[in-house]
Amino acid sequence: MPTYDLTENDDSFAASNGDDLIRGLGGNDMIDARFGNDTVRGGAGDDTIYGRDQDDLIYGDAGNDSLIGGLGTDTMFGGDGNDLLAGSQGDDEIHAGNGDDLVFLGVLEGSDRIFMDAGNDILDGAAADSAFYAEGGTGDDELRSGHGDDTLDGGADEDWALFTSGMESYTLTLQRGDLSITDRSAGGTGTDTLRSIENLEFATGGEDTPNEVFDLGTFGGMANLSADQVESFVEFYIAYFNRAPDAVGLNFWGTAFANGTSLAEMASLFIDQDETRATYPASMSNADFATTVYNNVLGRVADQDGYDFWVGVLDDGSVGRDQFIREILAGVRADPPQGASAAFIAQQRADEDYLEAKVDIGAYFAIHKGLSDVSDASAAMALFDGSAASLNRAVDAIDDYHQDALSEDGGFLLPLIGVLDDPFSG
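Residue numbers (this note's numbering): 6 to 431.
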């Protein structure tokens, strides 16, 4: 293999059409490897290296280098410095190295493997026609997916995955371990696997409109919770608002719980939000409040003794409205008191069945289908009156909402799999 050692100055060199070894040494060099399976080392300085045809091995070494792979299956190492590395055709392997690097993948790409290594790096794979695998390494990285089922692994620190369509065109599936995101837009870019990504950014298509950001640290932490924990959050939406949860809101609260917010704190925070204040204005009496919550949770008028007790403690301030809701929900699941009558036990079982059906409706809407339209969440729950027929109507309505949402811009879907079984599957 011919070996070419350049100088310590700024050199411009074009290799032969065979398999060459080229060493740039010092200076800001421009090296064209041309044909053959070449090995090129840029050496010190800010070098520009073209791999051209065949399978090349390219090292930028020190300096702010530009490495362009060309045809063939190339392997490129950026080395130290803020480098530009561009793959082209073939199954390339790219190691960006230390520094704040930019990696660009062009059209007609093969199955590339990209390792951004250390630094705050940017990967622009939007033009890539086939799937690639990318690791961000350390640093705050930006990884833009392309056309294909890509894998984006952010690595350590605060990393971003960037997408070319609006948020309403994506389905983000949450689960234990890797996440997946599907572009449903016309000519969509496939289903990508996400690992160690903290933020998602979606293009809005307008210069004057900021891109939409979805913070997985705020909304993506519910997958490791238990089924009972997740169902307890669904119960809050039923008790407070008599509706199914919206998937985005449910995942916010589930993530807050996973990060240390207790159910008691959550109930208190629920009481102090816009939807709660609109549903239960300050002018509403405790009697009306208790009647509404009983109907939301149990679908019936309260027994008089229980009703009188709770209105009394609400009126004298010894129990807050948030604590009252938690106690009503806990009472549905509690064992009947010793010596309870058959009628009492039968009513408690009926109450439990009623709430369980509403929880199933709420979970089907927000968890299994990933829907977030609040009007639809209310409409679906309003169809249920305790009968089997009304339960079927609610499920059918949710299926219709989901089918509409699956259109290319039908809405952001956020299903969660692997935590709750779907009671309506099959």
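In this text, a Cβ means the ideal position worked out from N, Cα and C, and glycines have one as well.
Because the structure is a prediction, the values reported are computed rather than measured.
Continuous alpha helix (DSSP H) stretch holding residue i: start and end
i, result
"Ala355", "347-368"
"Glu98", "Looking at the DSSP string, Glu98 is not in any alpha helix (DSSP H); the run it does join, the beta strand (DSSP E), is 98-100."
"Arg331", "326-338"
"Phe137", "Per DSSP, Phe137 belongs to no alpha helix (DSSP H); it is in the beta strand (DSSP E), 137-140."
"Asp10", "Unbroken run through Asp10 is the beta strand (DSSP E), 8-10; no alpha helix (DSSP H)."
"Asp277", "Element bounds for Asp277: n/a, residue is neither H nor E."
Beta-carbon proximity check, residue i vs residue j, cutoff 8 Å
i, j, result
"Phe120", "His152", "no"
"Leu334", "Val302", "yes"
"Ala382", "Ala261", "no"
"Ile202", "Leu230", "no"
"Leu30", "Gly48", "yes"
"Phe275", "Phe219", "no"
"Phe82", "Gly95", "no"
"Leu319", "Asn291", "yes"
"Leu167", "Ala139", "no"
"Arg28", "Asp15", "no"
"Asp197", "Asp155", "yes"
Cut-off 8 Å between Cβ atoms - residues of its own chain near residue i, not counting five sequence neighbours on either side
i, result
"Val300", "In the sequence under discussion, the amino acid at residue 300 is Asn, which differs from the Val named in the question. The residues are Asn247, Val306."
"Gly193", "Ser170, Ser174, Thr187, Glu413"
"Ile366", "Ala249, Ala385, Met386, Phe389, Leu396, Ala399, Val400, Ile403"
Same chain, Cβ closer than 7 Å to residue i, neighbours up to 5 away in sequence not counted
i, result
"Asp60", "Asn42, Gly77, Thr78, Asp79"
"Asn69", "Asp51, Gly86, Asn87, Asp88"
"Asp253", "The amino acid occupying residue 253 in the given sequence is Val; Asp does not appear at that position. Taken in chain order, the residues that qualify are Phe224, Ser377, Leu419."
"Ala19", "Asp37, Arg39"
"Asp327", "Ala272, Ser273, Phe275, Ile276"
Host beta strand (DSSP E) of residue i (start-end)
i, result
"Tyr55", "53-55"
"Thr266", "Per DSSP, Thr266 belongs to no beta strand (DSSP E) and is neither H nor E."
"Leu388", "First-last for Leu388: undefined, no H or E at that position."
"Val108", "107-110"
"Asp129", "127-129"
"Asp117", "117-120"
Contacts around residue i, its chain only, beta-carbon distance under 6 Å, and the 5 residues preceding and following it disregarded
i, result
"Asp414", "Glu173, Ser174"
"Gly111", "Ser93, Ala132"
"Ala368", "Val239, Leu425"
"Leu177", "Ile186, Leu419"
"Asn33", "Asp15, Gly50, Asp51"
"Gly311", "none"
"Asp129", "Phe109, Arg149"
"Asp145", "Asn125, Asp162, Glu163"
Short CB-CB distance (under 8 Å) between residue i and chain C
i, result
"Leu388", "This model lacks chain C altogether; it includes just one protein chain."
Notebook entry, point to check: Whole alpha helix (DSSP H) runs in the segment 143-231 with 4 or more residues, listed along the chain?
Noted result: 221-224
Check: Between the segment 285-299 and the segment 257-270, do three or more beta carbon pairs fall short of 8 Å?
Finding: no
Next item on the list: Quick one: which unbroken beta strand (DSSP E) runs of 3-plus residues sit fully inside the segment 24-103? Chain order, please.
Entry: 26-28, 35-37, 44-46, 53-55, 62-64, 71-73, 80-82, 89-92, 98-100
Notebook entry, point to check: Is the segment 408-428 touching the segment 366-379, taking contact as three or more C-beta pairs under 8 Å?
Noted result: With the cut-off at 8 Å, the segment 408-428 and the segment 366-379 touch.
Next item on the list: Assess, as a yes-or-no matter, whether the segment 335-342 is touched by the segment 272-287 under the definition of 3 or more beta carbon pairs within less than 8 Å.
Entry: no
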